[in-house]
Amino acid sequence: MSNGKGKQMPVLHSDEEAEAFVANADLSEYDLSGFKPVQFEFEKKSAQLNMRLPEALLSAIKAKAQERGIPYTRLIREALEKTVAK
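Taking this note's numbering, the leading residue of the sequence shown gets 4, the next gets one more, and so forth.
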């Protein structure tokens with residue numbers, strides 16, 4: 004993952020290794036150019052929604068979610084959250 008801008012990130016095999024690395028390393032020395040942002044979901048899902056969609060729309064949603072590397076249900080939830088946050 005290195006492109007000459009810094010040290011290559013080590014392979015970490017456990018949470019403990021990752022915690023120790025972050026606690027002791029100067030991350031500004033490492034090449035982070037290959038990293039991409041992720042969003043974590045901590046809120047418990049306590050309600051369920053079932054809906055019917057045209058097959059073409061669902062296929063397009065699944066394709067977009069696959070491009071982003073997330074489950075299609077998360078993509079739908081993000082769209083709903085964005086709409087109500089306006």
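Just so it is clear, CB atoms sit at the ideal spot from N, CA and C, and this is done for glycine as well.
Q.
For Val25, report the span of its alpha helix (DSSP H) as first-last.
A. The residue labelled residue 25 in the question sits at position 22 within the sequence shown. Here the alpha helix (DSSP H) through Val25 covers Asp18 to Asn27.
Q. So Leu15 is in the alpha helix (DSSP H); what residue range does that whole segment cover?
A. By one-based count along the sequence shown, residue 15 stands at place 12. That residue, Leu15, is in no alpha helix (DSSP H); it is neither H nor E in DSSP.
Q: May I ask you to list the residues that DSSP assigns as paired with Lys10?
A: Translated into the one-based positions of the sequence shown, residue 10 becomes position 7. The partner list for Lys10 (beta bridge, DSSP) reads Tyr33.
Q. Can the beta-carbon of Tyr33 be found closer than 8 Å to that of Met54?
A. Counting from one through the sequence shown, the residue named residue 33 turns up at place 30. Counting from one through the sequence shown, the residue named residue 54 turns up at place 51. Tyr33 is not a Cβ neighbour of Met54, given a cutoff of 8 Å.
(Q) Please state the DSSP three-state secondary structure of Val41. (A) The sequence position of residue 41 within the sequence shown is 38, counting from 1. Coil.
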